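Residue numbers (my numbering): 542 to 790.
Pasting the structure below:
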């Protein structure tokens, strides 16, 4: 650019010289001194013009150098910023991958624990169901026994009634009647004792039935997790139920 400005200045200077020469030729009649002064003035003008053009070229060159340096520095700074941003992004990605891996491992461990816990609870629920079935069978058996005892009591009452009718229908003397009455009373006493024994057994079986039914209801009301969370309470209830059954028997 400097050479281009210099060439332009040279061309302009040459043009000025030609003009001055033509003017000098036209004014040769005025004398050699006047011609010499005109040439000197033209050269000074040319020199001043060239200095002005040179100063402008120097200013433009300095501006372009400064601008080019700023662009280079900006590119370097931008490149560094981009590299730092990419490095930070890689760090963030690696950190996220690490956290995801930790979360995946945590979920795997938690899933194993949950499966183990569920299997344990299934076993406990199955055990409770088996116990309830056994209690149901025991209750059914005792209900059948109560029905049998009730039938025995009814039969005994029928026998007592029959003996009383026989006593009322006998037509004999007083001694025989008293003896017969005494015998019948003894038989009646025996039958009444049997009836009382049967009634006692009936009451006992009914109490056992109520105990088993209450135990069954309480077990059904207890959630499976309550059995796990309160094993001591469950053991105390079982011990109390067993002690009640043994004392009634």
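The beta carbon of each residue, even a glycine, is placed where N, CA and C say it ideally should be. These figures come from a predicted structure and were not determined experimentally.
Neighbourhood of residue 750 by C-beta distance below 8 Å, restricted to the same chain and skipping five residues each side
Excluding five sequence positions before and after residue 750, the CB atoms of its chain that fall closer than 8 Å to its own CB belong to 680, 683, 684 and 687, given in chain order.
Taking 8 Å as the threshold, find out whether the region 659 to 679 comes into contact with the region 694 to 707 through three or more Cβ pairs.
The region 659 to 679 vs the region 694 to 707: no contact.
At least three beta-carbon pairs within less than 8 Å, the region 741 to 749 to the region 717 to 731
In the pairwise beta carbon analysis, the region 741 to 749 is classified as not touching the region 717 to 731: fewer than three pairs are separated by under 8 Å.
In whole angstroms, what is the alpha-carbon distance linking residue 586 and residue 624?
Take the alpha-carbon of residue 586 and the one of residue 624: they are about 57 Å apart.
Collapsed DSSP secondary structure at residue 635 in the structure displayed
Assigned with DSSP and collapsed to three states, residue 635 falls in helix.
In chain order, each beta strand (DSSP E) run of at least 3 residues that lies wholly inside the region 654 to 726:
Residue ranges of uninterrupted beta strand (DSSP E) with 3 or more members are absent from the region 654 to 726; none lies entirely inside it.
Can you tell me the Cα-Cα spacing of residue 626 and residue 591, whole angstroms?
Going by the C-alpha atoms only, they are around 52 Å apart.
One question on the structure: do residue 700 and residue 742 come within less than 8 Å of each other, judged by their Cβ atoms?
Not a contact, by the Cβ cut-off of 8 Å.
From 693, 722 and 726, pick the residue whose C-alpha is nearest to that of residue 737; which is it?
For residue 737, the closest of 693, 722 and 726 by C-alpha to C-alpha distance is 693.
Beta-carbon gap between residue 756 and residue 676 smaller than 8 Å:
In this structure, residue 756 sits near residue 676, with a CB-CB distance shorter than 8 Å.
Could you compute how far the alpha carbon of residue 579 sits from the alpha carbon of residue 595?
For residue 579 and residue 595, the distance between alpha carbons rounds to 24 Å.
I'd like to check one pair, residue 697 with residue 732: are the Cβ atoms closer than 8 Å?
Taking 8 Å as the Cβ cut-off, residue 732 and residue 697 qualify as a contacting pair.
Through-space distance from residue 617 to residue 589, alpha-carbon basis:
If you take the alpha carbons of residue 589 and residue 617, they lie about 42 Å apart.
Using 10 angstroms around the beta-carbon of residue 602, count the other beta-carbons present and answer buried if the total reaches 16, otherwise exposed.
Exposed, by the Cβ-count rule.
Can you list, in chain order, the residues of its chain with a C-beta nearer than 6 Å to that of residue 542? Leave out the 5 residues immediately preceding and following it.
Residue placement at residue 542 is flagged as unreliable, the pLDDT there being 42, under the threshold of 50; a coordinate-derived value is accordingly withheld.
Euclidean distance between Cα positions of residue 672 and residue 658:
A direct Cα-to-Cα measurement between residue 672 and residue 658 gives close to 21 Å.
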